[in-house]
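Below: one structure, written as structure tokens.
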Amino acid sequence: MVMFIVQETDSHWFETKESLELEVSDAKIVAPQKTAEASRFLSKIEETQGTMKETNIMINVLLTTNETMKLEIERLKKERDSLTGKYQQYENLEKQFALDLAETRSMVLEMDEVEHGEPQWINCDIRTFRMDILGQFGVIMADPPWDIHMELPYGTMADDEMRSLSVPILRTDGLIFLGHWTRYGA
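Numbering-wise (the working numbering), the sequence shown opens with residue 1 and increments by one.
In structure tokens, the structure reads:
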């Protein structure tokens with residue numbers, strides 16, 4: 001019986017050995033193919049990693065550009081809002097001008113209906129003249145002695161001197177026309 005067991009074991013060992021040798025032989029045949037496949041797979045992984053690096057750089061550039069564009073959009077919105085406000089101011093001024101112009105036309109038409117007396121002229125130094133003695137006027141036409149930096153046969157006044165004149169004493173409502181000359185004419 002021992003011999004039978006040994007023969008059986010030898011036989012089993014021999015079969016196992018042959019089976020293993022066949023597997024090793026098959027593995028030697030398949031190994032180069034698997035190595036080539038693994039090499040191609042690694043090459044694809046390296047290529048993919050390179051593409052991923054390029055993609056990552058591109059994404060970072062796009063994110064930076066996106067942030068820059070967001071800031072630019074905010075700046076442009078503020079500029080638009082500022083311009084919208086200025087445009088609104090312009091429209092308001094334009095409307096006010098139209099109203100003022102209509103009011104001026106109305107006043108001129110009213111004045112045309114009033115009987116006019118002779119124009120009154122006063123030749124004096126208006127810096128020292130007491131204007132309150134004249135009363136109120138609906139229309140004042142003045143040709144003040146502007147300082148136009150030229151030699152003139154009469155004295156002139158600086159802008160601050162003209163601003164300090166008490167013209168409001170002469171009129172509370174009405175028109176004032178100022179003559180303004182330069183060395184080139186009116």
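No residue lacks a Cβ here, since even glycine has one placed at the ideal position from N, Cα and C. Note that the structure is predicted; figures quoted are calculated from it, not measured.
- When only Cα atoms are considered, residue 75 and residue 97 end up about 32 Å apart.
- Note that the C-beta distance between residue 175 and residue 107 is below 8 Å.
- Checking the DSSP bridge columns, you'll see residue 177 partnered with 141.
- In the three-state reduction of the DSSP assignment, residue 146 falls in the strand class, which pools E and B.
- Between residue 131 and residue 166, the C-beta spacing is below 8 Å.
- If you draw a straight line from the Cα of residue 16 to the Cα of residue 34, it comes to about 25 Å.
- Non-local C-beta neighbours of residue 134 in its own chain, meaning closer than 7 Å and more than five positions away in sequence, comprise 170, ordered along the chain.
- Taking 8 Å as the upper bound for CB-CB distance, residue 128 and residue 145 are not in contact here, some 14 Å apart.
- In terms of Cβ geometry, residue 158 and residue 147 form a close pair [threshold 8 Å].
- Rounded to whole angstroms, the separation of the alpha carbons of residue 43 and residue 50 is 11 Å.
- Annotation for residue 140: 167, 170, 171, 174, 175, 176, 177 place their beta carbon closer than 8 Å to its own, counting only its chain and skipping 5 residues before and after.
- Per DSSP, the beta-bridge partners of residue 157 are 146.
- When secondary structure is reduced to three states using DSSP, residue 50 falls in the helix class.
- Take the alpha-carbon of residue 28 and the one of residue 21: they are about 10 Å apart.
- The three-state reading of DSSP puts residue 123 in coil, since its state is none of H, G, I, E or B.
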